[in-house]
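Novice:
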Amino acid sequence: MPPLLFYLLALTTLGFGLLVVTGRNPVTCALSLAASFTGLAALFLSLDAYFIGIIQILVYAGAVMVLFLFIIMLLDIKAEEGKQRSLVPVVSGILVAVLLAAQVSAVVSSTGIASKNAQNTPLALSDAAGKLGKAALPTITKDLKEGTLPDAKLIGFTLFDRYGFHLQVVGLLLLVGTVGVVVLSKREKGGAP
Amino acid sequence: MSVFTLEAGLALLGLVLLMIEAFQPDVSRRTLGLTAIAGAALALMLLPFCGTTLPAFMQPWHQLDTLALFYKGFALVTTLLVLWLTLECAPYLTRFTLEGKLAEMFSLPLIVCAGMMWMASARDLVTVFVTLELVTVSFYVLVAFARKSAFSLEAGVKYLILGALSTGVLVFGIAWIYGATGAMSFDGIAKALANPATSKATALFGAALLLCGLGFKVAAAPFHMWVPDVYQGAPTPVTVFLSVGSKAAGFVVLTRALDAFLVPGSIIASEVKALLLVTGSLTVLLGSLPAMFQTSVKRLLAYSSISHAGYLILALACRDSARFDLSSGGIVAFYLATYLPMTVLGFFGLGLMRVNGLGEDLKDFTGLAKRNPLLALLVTISFASLAGLPLTAGFLGKLFVFLGLADHGYWGALSCAVIAAAAGFYYYFKTILAMYTTEGTDVPALSFSVVTKTVAGVLALSILILGVYPKPLQKVLMPAPAAVAIK
Amino acid sequence: MSILEIIIALPLIAALAVWAGAPARPVSLGATFVNLALVLFATVQYAGKTGLAFTNSRPILENPAMSFAVGADGVSLILALLTTLVMLAAVWQIEDRPDIFHIASLLIGGGALGAFLTTDVFFIYAFHELALIPTFLMIALHGRAEPAQRKAVAWKTTIYLGAGSLVLLAGLAWAVLEFSGGAKLTFDLEALRNQARLTPLPVDKQAQIYFVLLVGFGTLVSLFPFHSWAAPAYATAPTPVAMLHSGVLKKFGLYGLLRIALPLLPQGAQVPWVQNALLLMLLGNILVMGLVTIHAHRLDDTLANSSVMHMGYIFLAFAAGTDIALKGAVLLMFAHGVSIALIFGLCGRMRNQLGTLEYSKLGGLAAHAPAFTVLFAFGVFASIGLPGLTNFAGELMIFAGSFAGFKGTLTHLHWTVILALWGVVMSAVYMLRAYRGIFHGGANTGLFMIDPALSQRVPFILLATTLLVTGCCPWLLLNLMKTAL
Amino acid sequence: MISLGHYLVVSGMLFALGLAGVIARRNILIVYMCLEMMLSAANLALAGFSRFHLVNGLPDYAAQSLVFFTITVAAAEVAVGLAIIVALFRSKQSVDAGVVTKLQG
Amino acid sequence: MNAGILLLLPFFSALLILLGHRQLKGAAVLISVGSSVVAFLASLAFLAAEDNEGTKMFLPFIDAGGFRVGIDIISDKQSQGMMFIVTFIGMLVHVFSVGYMKDDDARPRFFGALSLFMFSMTGIVLAGNLFMMFIFWELVGLSSYLLIGHWYDKVSAAEACKKAFLTNRIGDFGFMIGILILFGLNKGDVSFDNLQDAFVQGGALFDVQKANPGLITAAALCIFMGAVGKSAQFPLHVWLPDAMEGPTPVSALIHAATMVAAGVYMMVRMSFIVTASPLAAEIIAGIGCVTALMAALMATQQNDIKRVLAYSTLSQLGYMVMAVGAVAMAAQHGNHGAHAADPGHPAMFHLYTHAFFKAMLFLGSGAVIYACHHEQDIWKMGGLRKHMPVTFWTFTIGTAALMGVPLLSGFWSKEAILGAAFDSGCRILFVIGAATAALTAFYMTRLWLVAFFGKPRTDSAHHATEAPMVMILPLAILAIFSVISGYDILATPLQAMKPPHVEGHQTVFWASLIALLGGTGAALRLYRGKDTDPVSIKLFANKFYIDEIYAVIVRACQDRVVWIVTALERVFVDGIVARLPAAIAARIGAATRMLQGGHLQGYTFLLGGGVIAVVYLVVFVLPRLGH
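Chains as they are written, first to last, in the working numbering: chain A, -14 to 178; chain B, 138 to 624; chain C, 23 to 507; chain D, 32 to 136; chain E, 61 to 687.
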């Protein structure tokens, strides 16, 4: 991947992220977040994680952000006007963020793992095809032999092969979430809001 | 029958109850509650008869060792008690819930229980994350359940924001641990950490973040600040569930994670241990010292819960004692087993007072001994045990922690623990004293049902029996090593 | 089933029975009386024996090895005798008070008995703590002061004792860790002592552990400067609690030093810095508290402070460490227990009748209450160490024991003994001042009291007789301690 | 060349940015958005590590599965969270952090 | 056996009476007097026991860990003789008291205390070791406390008994230290026999004496401190005059004949240690000398009949103590070969004669007081000679004996003491001794003249009648003994008492005669026919202001120190040990509560900050610390 593109995407992600943090209007924030997530999705793609990238756009930039916007509209939440931003939280937020970023950078720079780059670690698709062949997954093996990364297939295989149980749990979790939404936000019959 | 079936069955029962609530609104809450209780009780009874073998497909992410089985039983007992307390507190709680309904308060705990039982068996970080989130998200709902109460809602908001923040930290930590070790399973992590070639800084960074995330769940300082607010605001049965069930689950995960981090030859062992000591010392102090000035007993119990978490963390730091073979995981389990009845009993008292129209403040406790001598005695036993008075269960747990710390020569941490215990005497006894004070109170009698009496009585008795005859529990927790040690 | 188990269980069962609604006075009196008889029986059985007797052990935990192990030797029996005696007197003198007075007395006594008669460090510690709760509650709820004040006193007491107990616990844990031979920890005192005999620790370490234990146990015994709780506590505590705590429970700390600290750390106690520290502290007890006692304006203050002061003499025995002194310490523990219980009991009765204990308001009471005066005199003269009452024999043995190794140069220990002897003079000063002020002189204050009925004199007569008999024949008790301590 | 380190730094900065927002913002809704940002940042780190930790020559799909679960769970969390925020708004007519300060001390 | 009766009879009699006096009532008197008579008979038998049995353990007291204290009985000439005096005078006092106390409601209590006193005194006499002596030493203190405070509702009596006990306690403080030093040095053995043996060549204490003479001096002086307290020597003499608040028989018994003599008896028993230490001997002699002179001076200006006698007692005790010192000094100079602890010590001899005539004088004064309706001021008496002839004559004999009129017992013993002082090599002792003798003659003549001669000065004196028989009889008996006790008739059975060399120096004889004549003459001249005191010396009348000085010392030192120490204890100990940690905990607790401000943003900041802190600690700090 060309470095320029990476920097562009990173800038998109972080720039819109900054806008989320600083924007006064919630709608601005939500839209910026969507944009930031889109940039992030592109970064995922650059990491050969196509499926995740798509999910990121679908679920986050799509569903979740729409949900946010929806709520903002529903509740008619205004910008934080009238209220002065107090300095202390802002300063402390910046301080914490800077320190954390510095720490991450320090750790990254101190370790050898981080210096791996995409060129040095190419995907050995044919090797993988050989290994996976035993698992009798004809379409995946075929794709791999052809030099294309069947990302969705592979992740689906992993999910359903190894993480079937976890999927069930997440399903349960979503159900609980649903129930929670009903319990917590349903209007009472005949009552005030 | 496999334990897994049991857990799935519990979750299923939870779903069924949800369905019943949704489609058969005229089923009484008592029926629902009793069904849930019956289900949990059945599961508890069946637990000892479940085999400990696992099907092959589960083995990569599931394990059934003594610790896991113990925690499963622990979760079931907690759930049972929580359900009963919910039923008992129903008249009060329904005033604050949606349309006076309570069904989800019976079904969600079953699902949470299943989640905690799975968590106890978790063998890799993915399982940990998924089950932990199942439990946490359910708790978001449960904490804010009494949504018409401003307190409950506020607690819900705080728990939500801080919980989500901690989830973020946890995932970030998982990412870095994974990055450092290339593994998601605890075994793999342990193996990689034992390898000197693994990048130490990365591993430390990941471990630190992971421990921060888990520290939030178990209320370790400095990630404990949500506890008093949330415990105080949440409906009392939920508070019990949080302080006993959720915390225990957090500790079982922490134990597993530390098993990996502190594997023999681990490159990060000493740092992690030091972190545990520092955190543990800080936690006991930050739990105990502010508690001294509390006037709300519920909030006081929340602080006490923080303090107890601190002892547990210190226990986790005392690993690999040469002579004291209740190894730290065992000490933690033992401590939690003793912590369960005393905390639950204390909250039982609070819940019963609420139902009887009293508040949760110290002044509401005044003259309790006259209102209901039995309840006063039971709460006394609970608080005495929480304070760590000898001949109650609470003392032994603390004693083991002290012994472990002394055995390792962690004098600084030991002195913090001792100071915290001393402060503990003050705030627990303050409440006990209030109960027996009679000045200036008109004392309407206070009554509660026979079953609750029995349940509370059993809890109190178990506190006392565990306090003087802990051998059976020790045998349960440490069957093999103990046998070796006895010769 | 050992007889000791019955002795320990009986008061606790009786307390439970009273709580459950059994008639308080008959049950508690019956239980304490039977208990006294049982202890006497055990003592007679023990006479002539040495070592632990009536042993029985029920394991409760395998590692660390803990067991409900009972066993008694002369020292424990003497203290058990003291406990049951004081308990009987304390329970007997309760009149027209709520049941909780009986329950508390039984619990405190039962706890003390448990502490004295078990041989497992865990239970020794645990039983003592058990006895502290009722003490705390009784001071806070039924103390003889305004609610706010008595609560403050109860808190002070509890925090001191609690903190002391925790220091003690740390010390005990340390000792257990150091002295558990082999691969597993044990709380069994005999096992620990054997290990200490076989492989003693380096002297430095012994000294450190001993010092921790000394501070821990010392706080429980109101060792200077950890004594501030004692005086207000005794002045405020309801009569039976004051009797039992000052008479019996306080002796636990000394008992612990004798039974746990000294046998495990025999050299640690004799290390100069430890010994000098102890000497300084006990001089604080004797001289500073002696002067403070002289300053007191109320009888309960005098008695409470004097009780603190007298502990100094017992600590002197520990500083000296000789067999004679230690046996004297046991004797003095017994004597002090009986005499202070007697005097607190009488003091409580006086307060009930007169409503005040201010010296400025009292005088000439002897005129109408001769029997009371005589009983009080027993207490007064016992506490100033008059021969013929037990305290003297104990003090004499402690002083003699401290001088037993005198080689012609006066060491710190010997100077301390000399100063401690001056303390004997001071105790005569404040005690006789009090006695003179209260009982002698003209009854010009308008307050006068009458003798209690004979039935209410019995507990005090019992205690006074004990003082006299064991004072004239201290060998009765000393013969129970044949082996060197 | 773009190395793993670049991704990690971007993820770290995004995480830090999110944290800054969580701390600095008073609007709970925006705070919640920032939390989502933090989760995503973690996801980026996971994906990055997954890409550079090859199993059989392929990215490690175990880690990518976790990313998948994270996104799913986040969705559920958002649902519940927004429900709670809605409930809060209904009761206080505000989503400002300043309205939840009753529990303290 | 006899000794057993001697010891136990009064014990049980005391116990019986003290604990049951309300039930016993009049029978108590009978029991007490009976026991005293039996004790006297037993003491005669004890005296007759020719075989010198040495020391035997009679009852066990303490036997633990190699520490033995027994209730021993020492049976030698000294104890036998002393026993005789104690029981004899005790018996007479008992009999006298029957009359004197017959109107007192608390009579049983009084007799109980008397019996207790007899028990304690017997114990001191029979004590075979220092610990046992200390035990009874203290018990004597108790019984004197009870007896002096018999009329406890009188404030002065209540104060006096307290003062007596406390002053004795101070003496006992030193006594105990002395005992402990000897106990330690002599390897745990403090029986008199063994201690004495330890001082001869090769004994344990002999070596110490050579190596560390200061220690022996210290021990001797500490032991002597006990005697200072009990025998009311300067500076602890203040209790004795006040003790006159007790009933007069008590004064006779304990403040003349027995209790105060205990100190002298003990010093004589322990004189080997005084002999072993020259410095101690000089100090002891000096103290005795000062006491004798000072007390005599004070006595010259007292108006209370009992107080005059009390000061004369002090003075005579000073003589005895001086004798102890002087004899030891003489022995050190080798003037006499006799070992100091042998029978026939001048101090013992004076103790013995003094016991009779002083008891008699006190009982006589008791009879006078009784007759004058408890009037004690001699200036309010007068002319009693005619009203109370028997009392007058016996009193006269006693006075003469005390003044040392030749041929009476006091003359012999006083001469023996002056002889010892002469031999001691220290002239001052002798001079002061003689001066004191003159003063004695002076104040006794004054007393005798003012009380018995002239006209009755008040009504009560005017109506005085002779005391009843039960009181007179003891007087008469004692008067006889006051005469004969100096002669061999009585002294032979009591070999212990009379020094072999009693007829000594010319100088001494003349000196004492001149002193007698000078003192008597001056008194006769001054006081004959006077109704008021012609001499007024404030210093003497106010006892050299010693009581006042003590009061100041007590106020300034003790009370102020008490106040300061109490304040310091409150502020520092309570403050630092109790309040400071509490305050710190409160501060920290309050501070930590601030963390829980309830603000969501604050919490998130803490959480984020916590993460950063943990990461910083774990990743950047700990690895560098070498963890």
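All C-beta atoms in this analysis are idealised placements derived from N, C-alpha and C, irrespective of residue type, glycine included.
Determine, for residue 122 of chain C, whether the minimum Cβ-Cβ distance to residues of chain E falls below 8 Å.
Specialist: By this cut-off, residue 122 of chain C is not an interface position.
Novice: In its own chain, which residues sit with a C-beta less than 6 Å from the C-beta of residue 400 of chain E, not counting the 5 before and 5 after it?
Specialist: Because residue 400 of chain E sits at a pLDDT of 45, beneath the cut-off of 50, its placement in the model cannot be relied upon, and the point is left open.
Novice: Could you run through the segment 97 to 117 of chain D and flag, in chain order, every residue whose CB is less than 8 Å away from some CB of chain A?
Specialist: Residues 98, 99, 100, 102, 103, 104, 105, 106, 107, 108, 109, 110, 111, 113, 114, 115, 116, 117.
Novice: So, for residue 126 of chain E: in the same chain, excluding its five sequence neighbours on each side, which residues have a beta-carbon less than 8 Å away from its beta-carbon?
Specialist: Around residue 126 of chain E: 248.
Novice: With a threshold of 8 Å on Cβ separation, who are the neighbours of residue 382 of chain C within its own chain once the five nearest residues in sequence on each side are excluded?
Specialist: So the list reads 319, once near-sequence residues are dropped.
Novice: Beta-carbon separation of residue 298 of chain C and residue 333 of chain C under 8 Å?
Specialist: Contact flag unset, no.
Novice: Could you tell me the boundaries of the beta strand (DSSP E) in which residue 83 of chain C lies?
Specialist: Residues 75 to 83.
Novice: By the DSSP assignment, the beta strand (DSSP E) with residue 89 of chain C in it spans what residues?
Specialist: 88 to 94 is the extent of the beta strand (DSSP E) around residue 89 of chain C.
Novice: Take the Cβ of residue 307 of chain E as the centre, count every other Cβ of all protein chains shown within 10 Å, and call the residue buried at 16 or more, exposed below.
Specialist: With 16 or more other Cβ atoms within 10 Å, it is buried.
Novice: Among residues of its own chain, excluding the 5 on either side of residue 170 of chain B, which ones have a beta-carbon nearer than 7 Å to its beta-carbon?
Specialist: Excluding residues within five positions, the ones whose Cβ falls inside 7 Å are 220, 223, 224, 243.
Novice: Hey, does residue 629 of chain E have any beta-carbon neighbour from chain C nearer than 8 Å?
Specialist: Yes, because at least one Cβ of chain C sits closer than 8 Å to the Cβ of residue 629 of chain E.
Novice: Quick test of your reading: residue 212 of chain E and residue 462 of chain C, contact by CB under 8 Å. State the CB separation rounded to the nearest angstrom.
Specialist: Right, their Cβ atoms sit about 4 Å apart.
Novice: List the residues of chain C that residue 607 of chain B touches, going by C-beta distances under 7 Å, in chain order.
Specialist: Near residue 607 of chain B (Cβ distances below 7 Å), the residues of chain C are 82, 83.
Novice: Closest to residue 162 of chain E by C-alpha separation, out of E:88, E:123, E:136, E:339, would be which residue?
Specialist: Nearest C-alpha to residue 162 of chain E: E:88.
Novice: From B:288, B:371, B:398, pick the residue whose C-alpha is nearest to that of residue 335 of chain B; which is it?
Specialist: Answer by Cα proximity: B:398.
Novice: Between which two residues does the beta strand (DSSP E) holding residue 132 of chain E run?
Specialist: Unbroken beta strand (DSSP E) run through residue 132 of chain E: 127 to 135.
Novice: If you drop the 5 nearest sequence neighbours on each side, which residues of the same chain put their C-beta closer than 7 Å to that of residue 492 of chain B?
Specialist: Answer for residue 492 of chain B: 225, 226, 228, 229, listed in chain order.
Novice: Any heavy atom of the ligand MN within a distance shorter than 7 Å of the CB on residue 152 of chain E?
Specialist: Summarising the ligand content, the structure contains no ligands, and the ligand MN is consequently not present.
Novice: Assuming the contact rule is C-beta atoms closer than 8 Å, residue 478 of chain E and residue 494 of chain E should be a hit. Round their C-beta distance to whole Å, please.
Specialist: Rounded, the Cβ-Cβ distance is 7 Å, consistent with contact.
Novice: Determine the direct distance from the alpha carbon of residue 267 of chain C to that of residue 129 of chain C, and round the result to whole angstroms.
Specialist: One C-alpha to the other measures close to 11 Å.
Novice: Counting only Cβ pairs nearer than 8 Å, list the residues of chain D close to residue 665 of chain E.
Specialist: Neighbours of residue 665 of chain E on chain D, chain order: 54.
Novice: Within 8 Å (strictly less), CB to CB, does residue 11 of chain A reach chain E?
Specialist: For residue 11 of chain A, the answer is no, since every Cβ of chain E falls outside 8 Å of its Cβ.
Novice: Compare the C-alpha of residue 612 of chain B against each of B:329, B:468, B:601 and name the closest.
Specialist: Among B:329, B:468, B:601, the Cα nearest to that of residue 612 of chain B belongs to B:468.
Novice: Closer than 7 Å, Cβ to any Cβ of chain B: which residues of the segment 129 to 149 of chain A, in chain order?
Specialist: So the close ones are 147, 148.
Novice: Answer yes if the segment 415 to 431 of chain C comes into contact with the segment 279 to 288 of chain C, meaning at least three C-beta pairs across the two stretches below 8 Å, and no otherwise.
Specialist: No, the segment 279 to 288 of chain C is not in contact with the segment 415 to 431 of chain C.
Novice: On a Cα-Cα basis, can you pick out the residue from B:436, B:494, B:482 that is closest to residue 523 of chain B?
Specialist: Taking only the C-alpha atoms, the option nearest residue 523 of chain B is B:482.
Novice: Kindly list, in the order they appear in chain E, the residues whose Cβ is closer than 7 Å to that of residue 77 of chain A.
Specialist: Residues of chain E passing the Cβ test: 665.
Novice: Please report the distance separating the alpha-carbon of residue 161 of chain A from that of residue 138 of chain C.
Specialist: Rounded to the nearest angstrom, the two C-alpha atoms are 58 Å apart.
Novice: Taking 8 Å as the cut-off, decide whether the C-beta atoms of residue 434 of chain E and residue 474 of chain E are in contact.
Specialist: Contact: no.
Novice: Say whether the segment 107 to 120 of chain C touches the segment 470 to 484 of chain C, bearing in mind that this needs 3 or more beta-carbon pairs closer than 8 Å, one atom from each stretch.
Specialist: Judged by Cβ distances under 8 Å, the segment 107 to 120 of chain C makes contact with the segment 470 to 484 of chain C, as three or more pairs qualify.
Novice: Taking 8 Å as the CB-CB limit, is residue 171 of chain A close to chain B?
Specialist: At least one chain B Cβ lies under 8 Å of residue 171 of chain A.
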